[in-house]
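First up is the structure itself, then whatever we jot down about it.
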Amino acid sequence: AFSWNLMLCAYSRNHDIELARRVFDAMPERDAVTWNAMLAAYSRAGHIDQAQEIFDSMPQPNIASWNTLLSMYALSGRLERAHHLFNCMPQRNLMSWTTVLAAFAERGHLDYAETLLQKMPEKDLISSTIILTMFAKHGQIEKAKHVFAEMPHVDMVTLNTLLTVNAQSGDLEKTRSVFMSMPERDLISWNAMLSAYGQLGNHVGDSSKFFRDMPERDLVSWNSLLAAYVQNGHFDDAYEALQNLMPQHDCVSWSTVMHGFVLYGQLERAENMFHEIPVQVLACQNLMLSAYSQAGRLYEAKE
RNA sequence: AGGUCCGGUUUGUUGC
Numbered sequence: 024a025f026s027w028n029l030m031l032c033a034y035s036r037n038h039d040i041e042l043a044r045r046v047f048d049a050m051p052e053r054d055a056v057t058w059n060a061m062l063a064a065y066s067r068a069g070h071i072d073q074a075q076e077i078f079d080s081m082p083q084p085n086i087a088s089w090n091t092l093l094s095m096y097a098l099s100g101r102l103e104r105a106h107h108l109f110n111c112m113p114q115r116n117l118m119s120w121t122t123v124l125a126a127f128a129e130r131g132h133l134d135y136a137e138t139l140l141q142k143m144p145e146k147d148l149i150s151s152t153i154i155l156t157m158f159a160k161h162g163q164i165e166k167a168k169h170v171f172a173e174m175p176h177v178d179m180v181t182l183n184t185l186l187t188v189n190a191q192s193g194d195l196e197k198t199r200s201v202f203m204s205m206p207e208r209d210l211i212s213w214n215a216m217l218s219a220y221g222q223l224g225n226h227v228g229d230s231s232k233f234f235r236d237m238p239e240r241d242l243v244s245w246n247s248l249l250a251a252y253v254q255n256g257h258f259d260d261a262y263e264a265l266q267n268l269m270p271q272h273d274c275v276s277w278s279t280v281m282h283g284f285v286l287y288g289q290l291e292r293a294e295n296m297f298h299e300i301p302v303q304v305l306a307c308q309n310l311m312l313s314a315y316s317q318a319g320r321l322y323e324a325k326e
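So for the first sequence, this note's numbering puts the first residue at 24; every next one is plus one.
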């Protein structure tokens, strides 16, 4: 089964689910890895029913099988189902706990997530960081800081999260001092700091200088720069960057610049951009809808 | 020895 499994996994990683299934069906014998790989393939592809079918046919699901199924339901937002599975599982490991925790935290079930955290037999950096992020995203900054203070160890991801926490509490100096004190930084650290400058800085120049000094940049960095421009009223610079400087754009770039136009009363320019967008983007549609409504242009809003 | 478990962090819109 070993080499067949390799083939199955290769197809699955390539998103070729049909071929993966054909290998699966052709196999003279299957082991636990085979079943789990097929299950993971369907789960990755979002084929929930087929995944469930594989799981139900498994001779002996192990902890990896349960976790795969659990993660599938958690990620697709079927929390009751995920929670039910979690309770029914014959064993749970750290990953099972964290998957459920992340699902509830993500959806803003703060109290329940906190209870889960307390019930966890072992916690690690990841579970604490999930809770930290959850509190930060829901504006519970003091609680987030408390979670951080209780953590015995931290790593770069935790510190990256702390950058965001401090930025959300409006403290640019603190954000900067965390950034400076980090033993190592990755692109996410740099992007988080850039975003803090955009939200809290008083001068666009600080954002663009920081941007220039970055060791590398990606689309998120560029989009954060656009947001910094917009935040400070420089919608034309944002548009200029989008048109002439950015190596790529995405729907975040478009909606950021369009939002700049809307904020500063340039509804026609927002409109023009909206019509130039190559694909339909829900966020941009929402933006135009809200802009038309606020301008009393109900006919266009309805359109 | 080596194969299966997609658990955490950064950017935009509307709503909450």
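All C-beta atoms in this analysis are idealised placements derived from N, C-alpha and C, irrespective of residue type, glycine included. Source: prediction; values computed, not measured.
Sequence-distant Cβ neighbours of L139 in its own chain, meaning closer than 6 Å and more than five residues away, are L124. By the Cβ-count criterion, S200 is exposed, with fewer than 16 other Cβ atoms from all chains shown falling within 10 Å of its own Cβ.
Pairwise C-beta distances place the segment 83-92 in contact with the segment 51-68, as three or more of them are shorter than 8 Å. Apart from the 5 residues on each side of it in sequence, V46 sits with its Cβ closer than 8 Å to the Cβ of W27, M30, L31 and Y34 in its chain, given in chain order. Between V180 and T152 the beta-carbon gap is near 6 Å, inside 8 Å, which marks them as a contact. Distance between A261 and E173, taken at the CA atoms: about 41 Å. In this structure, the straight-line span from the alpha carbon of P51 to that of M61 is close to 15 Å. Bounds of any alpha helix (DSSP H) do not take in G162, whose DSSP letter is neither H nor E. Setting aside the 5 residues that flank it on each side, M237 is surrounded in the same chain by W213, each with a C-beta closer than 6 Å to its C-beta; the list follows chain order. For I71, the enclosing alpha helix (DSSP H) begins and ends at I71 to S80. A distance below 8 Å between beta-carbons, with the five flanking residues on each side excluded, links A128 to the following residues of its chain, in chain order: A136, I153, I154, T156 and M157. Taken through DSSP and simplified to helix, strand or coil, D209 comes out as coil. Taking C-beta separations shorter than 7 Å and ignoring five residues to either side along the sequence, the partners of S247 in its chain run N214, L217, S218 and G221, following chain order.
If you compare the alpha carbons of K166, R104, H106 and R115 with that of L133, the shortest gap goes to K166. Of the candidates Y65, N116 and S94, the residue whose Cα lies closest to the Cα of N37 is Y65. Nearest to S276 by alpha-carbon distance, out of A68, L265 and F284, is L265. Relative to H272, the option among G283, L249, E291 and E41 whose CA is nearest is L249. Boundaries of the alpha helix (DSSP H) around D48: I40 to A49. Here M95 carries a helix assignment [DSSP, helix/strand/coil].
With fewer than 16 other Cβ atoms from the protein chains shown falling within 10 Å of its own Cβ, Y322 counts as exposed. Beyond the five residues adjoining it in sequence on each side, V188 comes within less than 6 Å, by CB distance, of A159 and A167 in the same chain, given in chain order. The DSSP-derived three-state label of D229 is helix. In the DSSP annotation of this structure, the continuous segment of the alpha helix (DSSP H) that includes Q141 starts and ends at L133 to K142.
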